[in-house]
Amino acid sequence: MFGASAAAVARVTLPLLALLPLVQSNDNGLALTPPMGWMAWERFRCDTDCNDDPRNCISEALFRDMADRLSEDGWRELGFEYVIIDDCWMNRTRDRDGKLQPDANRFPSGIPHLAQYVHARGLKLGIYADMGRFTCMGFPGTTLDRITTDAQTFADWGVDYLKFDGCNSNALEQMLGYPLMSRALNATGRPMVFSCSWPVYVGSLPPEVNYTLLGDICHLWRNYYDIQDSWDSVQFLMDWFFNNQDFIQAAAGPGHWNDPDMLIVGNFGLSLDQSRAQMALWSIMAAPLIMSNDLRQLDNAARGILQNKGAIAIDQDALGQQGRRLLKEKSRIEVYWRPLVDSASAVVFLSRRSDMPFLYRTTLGKLGYGAGHYQVYDVFSESKLKTLNSTETFSVSINPSGVVMWHLQPMGRQDPGV
Ligand SMILES: *[C@@H]1O[C@H](CO)[C@@H](O)[C@H](O)[C@H]1NC(C)=O
Ligand SMILES: *[C@@H]1O[C@H](CO)[C@@H](O)[C@H](O)[C@H]1NC(C)=O
Ligand SMILES: *[C@@H]1O[C@H](CO)[C@@H](O)[C@H](O)[C@H]1NC(C)=O
Numbered sequence: 000m001f002g003a004s005a006a007a008v009a010r011v012t013l014p015l016l017a018l019l020p021l022v023q024s025n026d027n028g029l030a031l032t033p034p035m036g037w038m039a040w041e042r043f044r045c046d047t048d049c050n051d052d053p054r055n056c057i058s059e060a061l062f063r064d065m066a067d068r069l070s071e072d073g074w075r076e077l078g079f080e081y082v083i084i085d086d087c088w089m090n091r092t093r094d095r096d097g098k099l100q101p102d103a104n105r106f107p108s109g110i111p112h113l114a115q116y117v118h119a120r121g122l123k124l125g126i127y128a129d130m131g132r133f134t135c136m137g138f139p140g141t142t143l144d145r146i147t148t149d150a151q152t153f154a155d156w157g158v159d160y161l162k163f164d165g166c167n168s169n170a171l172e173q174m175l176g177y178p179l180m181s182r183a184l185n186a187t188g189r190p191m192v193f194s195c196s197w198p199v200y201v202g203s204l205p206p207e208v209n210y211t212l213l214g215d216i217c218h219l220w221r222n223y224y225d226i227q228d229s230w231d232s233v234q235f236l237m238d239w240f241f242n243n244q245d246f247i248q249a250a251a252g253p254g255h256w257n258d259p260d261m262l263i264v265g266n267f268g269l270s271l272d273q274s275r276a277q278m279a280l281w282s283i284m285a286a287p288l289i290m291s292n293d294l295r296q297l298d299n300a301a302r303g304i305l306q307n308k309g310a311i312a313i314d315q316d317a318l319g320q321q322g323r324r325l326l327k328e329k330s331r332i333e334v335y336w337r338p339l340v341d342s343a344s345a346v347v348f349l350s351r352r353s354d355m356p357f358l359y360r361t362t363l364g365k366l367g368y369g370a371g372h373y374q375v376y377d378v379f380s381e382s383k384l385k386t387l388n389s390t391e392t393f394s395v396s397i398n399p400s401g402v403v404m405w406h407l408q409p410m411g412r413q414d415p416g417v
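Last residue of the sequence shown? That's 417 in my numbering, and every number before it is there in order.
In structure tokens:
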């Protein structure tokens with residue numbers, strides 16, 4: 000289903016697509032900044048064993064626990080609002096009317112009740128379905144003929160967000176199904192965020208992926224592979240996103256976002272420096288900030304990184320412009336940059352070294368900044384640094400596999416910069 004065969008299918012189906020009305024069905028005022036929240040998958044996977052692992056199995060209790068934590072531990076006020084169910088919530092069969100139904104043992108109160116519970120805490124509920132015969136884990140899929148029914152079921156239940164995966168379908172079905180689901184969700188009249196896993200199933204890049212079309216029908220989309228709980232995985236994903244920035248950066252903007260997958264900060268695979276690096280680079284990418292961790296047992300250091308107001312503000316900047324990698328130095332220091340509203344900007348210095356904190360020397364001018372003075376705020380030390388002239392040499396000390404993240408504001412009337 001990848002590569003040349005997808006392109007062949009695309010050629011065959013373009014005339015078919017031309018028959019579909021070209022409405023921008025995601026344009027409903029949602030996701031004007033990248034969605035924030037919590038999702039079960041990376042941390043809790045398809046654990047359905049509620050007998051031996053009641054605290055961690057995919058069940059209504061897990062999502063209630065996370066809604067409690069989001070609303071009581073300061074997350075909601077920072078913008079983390081979506082509680083998102085991933086795969087493995089379903090009964091193995093549809094009900095008598097052909098509707099999806101949750102596993103009755105693990106979700107005894109039903110999804111509408113869970114939605115009410117989540118809404119009562121000022122949060123929103125996300126759910127998972129799959130454009131195909133079965134979900135990735137083998138639960139009932141949403142074939143083309145089921146799309147309208149499933150969209151209506153989610154709306155009736157009070158769902159606010161749909162992650163629509165793409166296992167067990169071919170490129171033709173996906174090309175028809177994703178736009179159909181977008182319009183079916185719209186037709187329910189209930190505003191829902193639509194997250195599409197489409198691009199990863201058709202090769203991730205143009206010409207197989209039409210990012211303009213994705214932006215018209217989806218609020219966010221999974222471009223590339225699933226994240227795993229390791230620094231290797233974080234680097235693998237960030238490298239793909241920045242190596243391909245010329246293809247994908249322009250696709251992002253208010254209402255439509257590239258999604259490099261969940262934040263894994265607070266789990267087992269990242270050091271504190273690597274955790275700051277994920278938070279910083281995801282914010283530079285204008286990525287959705289969707290955590291997958293156990294909010295019931297986060298240590299204070301992980302919580303501090305995920306709740307860092309400066310990083311969140313950069314991620315959620317209203318301009319909505321995705322940042323870029325500016326430089327890869329021979330010293331294995333890399334520099335990333337994102338423009339923000341009011342001529343402000345964010346810079347991240349990342350070290351790929353494994354020896355010791357590295358003293359990197361440069362000037363703002365070398366990073367493309369225009370003449371003038373800039374007020375510098377260090378995001379993770381939460382402190383104002385001295386004002387920098389664009390020609391002045393400065394140094395930053397960057398820990399191995401760590402970052403320094405700055406917010407810069409030009410002083411007075413200045414050239415807006417890069
Ligand atoms: C449906 O799409 C139209 C056109 O983009 C938009 O104005 C409207 O808000 C959408 N409605 C819902 C419920 O998403
Ligand atoms: C699944 O659905 C069937 C038919 O609706 C029902 O008989 C069965 O008890 C359900 N099982 C679970 C685990 O939800
Ligand atoms: C991509 O999609 C857009 C919007 O639907 C359409 O106008 C454009 O022709 C498509 N581009 C290609 C190369 O198919």
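Cβ atoms here follow ideal geometry from the backbone N, Cα and C, with glycine treated the same way. Keep in mind it's a predicted model, so treat the numbers as computed, not measured.
Asked	Found
Quick one: does the C-beta of P421 sit closer than 7 Å to a heavy atom of ligand 1?	Nothing in the structure corresponds to residue 421, since the chain is present only between 0 and 417.
So the alpha helix (DSSP H) F393 belongs to, where does it begin and stop?	That residue, F393, is in no alpha helix (DSSP H); its beta strand (DSSP E) goes F393 to I397.
Mapping DSSP to helix, strand and coil, what is M421?	Nothing in the structure corresponds to residue 421, since the chain is present only between 0 and 417.
Could you check which residue in Q151, D129, A345 and R360 has the C-alpha nearest to that of P111?	Q151
Quick one: what does DSSP say S441 is sitting in, helix, strand or coil?	With the chain represented from 0 up to 417, any question about residue 441 goes unanswered, as that position is not in the structure.
Taking V233 as the reference, give the member of G371, H255, L339 and Q273 with the closest Cα.	Q273
Quick one: does the C-beta of A60 sit closer than 7 Å to a heavy atom of ligand 5?	With respect to ligand 5, the structure shown offers nothing to examine, as its ligands consist of ligand 1, ligand 2 and ligand 3.
When the distance is taken between beta carbons, is P34 closer than 8 Å to V158?	no
When you get a sec, list the residues whose CB is within less than 6 Å of any heavy atom of ligand 2, chain order please.	N90, T92, D94, D102, A103 and N104
Return the chain-ordered list of same chain residues with a C-beta closer than 6 Å to the C-beta of M65, the five sequence neighbours on each side being excluded.	W37, V82 and L294
Quick check: what's the CA-CA separation for G252 versus G73?	27 Å
In this structure, what does DSSP give as the bridge partners for T361?	F393
Specify whether the stretch 337 to 357 and the stretch 256 to 270 touch according to this definition: at least 3 beta carbon pairs, one from each stretch, less than 8 Å apart.	no
So H372 and L387 are supposed to be a Cβ contact under 8 Å. How far apart are they, rounded?	7 Å
Following the continuous beta strand (DSSP E) through L344, name the residue where it begins and the one where it ends.	The question names Leu, but residue 344 in the sequence shown is Ser. From DSSP, the beta strand (DSSP E) with S344 extends over S344 to S350.
So, for G140: in the same chain, excluding its five sequence neighbours on each side, which residues have a beta-carbon less than 8 Å away from its beta-carbon?	A128, D129, M130, G131, R132, F133, T134, C166, N167 and S168
Specify the secondary structure class of A276 as computed by DSSP and reduced to three states.	helix
Can N169 be considered in contact with ligand 3, in the sense that its beta carbon sits closer than 7 Å to one or more heavy atoms?	no
Can you grab the Cα-Cα spacing for the pair R91 / S396, in whole Å?	54 Å
Verify the contact flag: D26, CB atom, against every heavy atom of ligand 3, threshold strictly below 7 Å.	no
Under 7 Å from any heavy atom of ligand 3, does the C-beta of L175 make it?	no
Which residue spans inside the stretch 28 to 116 form an unbroken alpha helix (DSSP H) run of at least 4?	40 to 43, 59 to 71 and 74 to 77
On a Cα-Cα basis, can you pick out the residue from W256, T362 and T148 that is closest to A317?	W256
Cα separation between E333 and Y376?	19 Å
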